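Undergrad: For the sequence shown, counting from 1, position 252 maps to 252 in the UniProt record's numbering; every step adds exactly one. Glycine included, every Cβ here is placed at the ideal spot set by N, Cα and C. In this text, all values refer to a predicted model and were calculated from it rather than measured experimentally. This structure is in structure tokens; I'll ask about it shortly.
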Amino acid sequence: MEFLFYMGDVFTPINFGLLLLGTIGGLILGATPGLSPTMTVALMIPFTFKLEPQQGLILLGAAYTSTVAGGAVSAILLKIPGAPANIATTLDGHTMAQKGEGAKALQLSFIASAIGGLFGVFLLIFLTPVLAQWALAFGPSELFWLAILGVTVIGTLDSSSVVKGLLSGCIGLWLATIGFDDIMGAQRFIFHSSVSGGINVIPALIGLFAIPQVITMFAKGPKGTDAEIIVVQHHPIGKAFNEIFSRKRALAIGTAIGSVIGLIPGVGGQIAGLVAYDQSKKMSSESAKFGTGHPEGVIAAESANNAMVGPSLVPLLTLSIPGSPTAAVLLGGLLIHGIFPGPTLFTQYPQVVWPFINSMLIGQILMCVFGLLIAGWAANVARVPPAVMAAVVLGLAVFGSYSVQHSMGDVYVMASLGLGMFFLERFGFSAAPLVLGLILGPIAEANFMQGAMIANATVGQMAYFFTGWLNWLLILIVVASIGYSIWMELRQRRYTTKEDAQA
């Protein structure tokens, strides 16, 4: 219980002021398309140079925590995920906003984020030594199968068709191969200088989700302003808490999956929300409602997104291995102040580490409070005329894409992918499986290539990838996930055929 001894350090005037600043700033930056948690933390590192190590880490930790949750704001209201972690939130959150339930969706997302986040930080506090050793069990072969498990989720992300979901995912996997091969250095599909370095996930994410929305809103023209009047429904915060605790299964699934995925080095939180959404859908008795504005979709996705924050720091603080891209930036923040993570970190620098972890605990609560305060006001975005909203979203899309690498090439990529997605949506394809393929492609390829090199020098590829209890566990989950997706598709077709026959 050593962390309680340092709890008072969080509430000193300077530390608590930095905690408030990081939380509010993170919510605002997280809601801005293109500014991912990694970029937000990186932007704040220069502001920590003149601060004490304890103070600097509190600022960075608060920004990390609240940016992940803040990304849900644009995901729900604009259908533009603030970061890859918020992709799954758009699937039901934006539909709720279109129904006038934006305030309810935002309240559910912030409460679920806080609960998942608190659970994740408590794991960090109490189980760090045990979890650090478990995380080391994941080598290239296990990470490869984990990425393949993520690919199997693709089929059920598209609620209309498993086949179309898989095709979208395959397009994403192909897009991930564009650029230079990381292992051999070979050029692949470089048909323009804009993609010579590959396709960055953030511009792709913005283009695939934002541009089809912009084109659709512009297509409505001025007449669309009066044709669609969305009544924003008031939703008491007390009802949001009741809704959360009445859907404990989705909350538990999201929190558990986010905690596990956040712990695994290199995977990050980008797929935590999507995997939690998929598993919650498969285990729900109301799976048909997912994708139509179902609260469980928002709860599962957002609880997973923040539950991964604490565990992602376990391998960082104990083994110097970042569990996510943002944790890698935090590693830089530690090194700048002369603090080297490792097994002795908690004994050498307890006055720095424990206030940092405690600030993330308090930051989850502050994030929830500020988020709930702005939820009702922010939901009024749904009432903005489509033509005005389209211009604003287009401006944010260009700004967000350019700001990643200060390159117009990213803007061209964003616009091209968005235009292509607009036409694909006309044929019933959706953006979420495509983005998941784009994210998982490099993870699967890099770990397969590394594993193949190790296998060729040792026991051979078959033995390396198909032996070991963890490999077999992941393979069985992959097979079960594929089988369940096929069964769900066949059941849906039989149900549709029966309804048609009765009609």
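Just tell me which of Cys170, Phe191, Gly197, Phe209 has its CA closest to the CA of Asp182.
TA: Nearest of Cys170, Phe191, Gly197, Phe209 to Asp182, Cα basis: Gly197.
Undergrad: Quick one: using the 10 Å Cβ neighbour count with 16 as the cut-off for buried, is Lys281 buried or exposed?
TA: Answer is buried; the Cβ neighbour count reaches 16.
Undergrad: I'd like to know if the segment 164–173 and the segment 184–198 are in contact, where contact means that at least 3 CB-CB pairs between them fall below 8 Å.
TA: Taking 8 Å as the limit for Cβ pairs, the verdict is that the segment 184–198 does not touch the segment 164–173.
Undergrad: Return yes when the Cβ of Ile206 is within less than 7 Å of the Cβ of Pro33, no when it is not.
TA: Yes, the pair counts as a contact, with Cβ atoms nearer than the cut-off.
Undergrad: Does the Cβ of Gly428 have 16 or more other Cβ atoms within 10 Å, making it buried, or fewer, making it exposed?
TA: Gly428 is exposed by the Cβ-count criterion.
Undergrad: Quick check: what's the CA-CA separation for Asp226 versus Lys220?
TA: No answer about Asp226 holds up, because its pLDDT of 42 lies below 50 and its placement is not dependable.
Undergrad: Please state if the CB of Ala210 and the CB of Ile80 are separated by a distance shorter than 7 Å.
TA: In this structure, Ala210 lies closer than 7 Å to Ile80 by Cβ.
Undergrad: Below 7 Å CB to CB, which residues in the same chain sit around Val41 once its five sequence neighbours on both sides are set aside?
TA: So the qualifying residues of the chain are Leu60, Ala63, Tyr64, Thr326, Val329, Leu330.
Undergrad: Looking at C-alpha atoms only, which residue of Phe423, Asn358, Arg493 is the closest neighbour of Leu4?
TA: Per the Cα distances, Asn358.
Undergrad: With DSSP as the reference, identify every bridge partner of Arg188, one or two as the case may be.
TA: Its beta-bridge partners are Gly179.
Undergrad: Go to Ile125, then tell me how far its alpha helix (DSSP H) extends in each direction, as first and last residue.
TA: Its alpha helix (DSSP H) spans residues 102–126.
Undergrad: Nearest-angstrom Cα distance between Phe241 and Lys248?
TA: Approximately 11 Å, taken between the alpha carbons.
Undergrad: Just list the alpha helix (DSSP H) runs in the segment 423–457, keeping only unbroken ones of 4 residues or longer that don't cross its boundaries, in chain order.
TA: The segment 423–457 contains these whole alpha helix (DSSP H) runs: 431–457.
Undergrad: For Ile45, which residues of its own chain have a beta-carbon under 6 Å away from its beta-carbon, when the five flanking residues on both sides are left out?
TA: Only Gly333 meet the Cβ criterion.
Undergrad: Answer yes or no: do residue 508 and Gln364 have a C-beta to C-beta separation smaller than 7 Å?
TA: Residue 508 lies beyond the stretch modelled for the chain, which goes from 1 to 503, so this question has no answer here.
Undergrad: In chain order, what residues of the same chain have a beta carbon less than 6 Å from the beta carbon of Ile190, not counting five sequence neighbours either side?
TA: Within the same chain, Ile190 has close Cβ partners Ser196.
Undergrad: So, are the CB atoms of Met360 and Val121 less than 7 Å apart?
TA: For Met360 and Val121, yes; Cβs fall inside 7 Å.
Undergrad: Judging by CA-CA distance, which residue of Leu434, Leu490, Ala463 is the nearest neighbour of Leu208?
TA: With distances taken between Cα atoms, Leu208 lies closest to Leu434.
Undergrad: Who are the Cβ neighbours of Lys104 in its own chain at under 6 Å, not counting the five residues just before and after it?
TA: The answer, listed in chain order, is His235.
Undergrad: Just list the alpha helix (DSSP H) runs in the segment 249–307, keeping only unbroken ones of 4 residues or longer that don't cross its boundaries, in chain order.
TA: Runs found: 272–283, 295–307.
Undergrad: Thinking Ala69 and Thr89 are a contact (beta carbons under 8 Å), I'd like their distance in whole angstroms, please.
TA: The pair is not a contact, with the Cβ atoms about 10 Å apart (cut-off 8 Å).
Undergrad: Report the option in Leu21, Ile115, Phe370, Ser193 whose CA atom is closest to the CA atom of Val413.
TA: Taking only the C-alpha atoms, the option nearest Val413 is Ser193.
Undergrad: So, using beta-carbon positions, are Ser303 and Gly116 closer together than 7 Å?
TA: Yes, these two residues count as a Cβ contact at 7 Å.
Undergrad: Counting only runs that start and end within the segment 46–111, where is the alpha helix (DSSP H) found for 4 or more residues in a row?
TA: Segments of the alpha helix (DSSP H) lying fully in the segment 46–111: 53–77, 87–98.
Undergrad: Please say whether Leu124 and Leu313 have beta carbons closer to each other than 7 Å?
TA: Yes.
Undergrad: Please confirm if the segment 246–261 is in contact with the segment 443–463, defined as three or more CB-CB distances below 8 Å between the two stretches.
TA: Segments in contact, no.
Undergrad: Ignore the nearest five residues each way along the sequence and tell me which others in Val309's own chain have a CB closer than 8 Å to its CB.
TA: If we look at Val309 and ignore the five residues flanking it on each side, its Cβ neighbours are Tyr64, Thr65, Val68, Gly117, Gly120, Val121, Gly262, Gly269, Met360.
Undergrad: Going by DSSP, what residue range makes up the alpha helix (DSSP H) through Pro212?
TA: Note, Pro212: alpha helix (DSSP H), 201–220.
Undergrad: Just to confirm, is the Cβ distance from Ile439 to Pro37 under 7 Å?
TA: No, Cβ-Cβ distance for Ile439 and Pro37 is not below 7 Å.
Undergrad: My understanding is that Ile257 touches Val275, with C-beta atoms under 8 Å, so please give their C-beta distance in whole angstroms.
TA: Confirmed, Cβ separation roughly 5 Å.
Undergrad: Going by Cα to Cα distance, which pick from Pro442, Arg491, Val459 is closest to Phe144?
TA: Closest option to Phe144, Cα to Cα, is Pro442.
Undergrad: So is His94 buried or exposed if we call it buried at 16+ other beta carbons inside 10 Å?
TA: Classification for His94: buried.
Undergrad: Quick check on the DSSP output: the alpha helix (DSSP H) that includes Met389 runs from which residue to which?
TA: 386–405 is the extent of the alpha helix (DSSP H) around Met389.
Undergrad: Give a yes or no on whether the C-beta atoms belonging to Glu296 and Ala250 are separated by under 7 Å.
TA: For Glu296 and Ala250, yes; Cβs fall inside 7 Å.
Undergrad: Measure the C-alpha to C-alpha separation of Gly25 and Ala378 and round it to an integer number of angstroms.
TA: Taking the straight line joining both Cα atoms gives about 16 Å.
Undergrad: Is Ile374 helix, strand or coil when you go by DSSP?
TA: It is helical.
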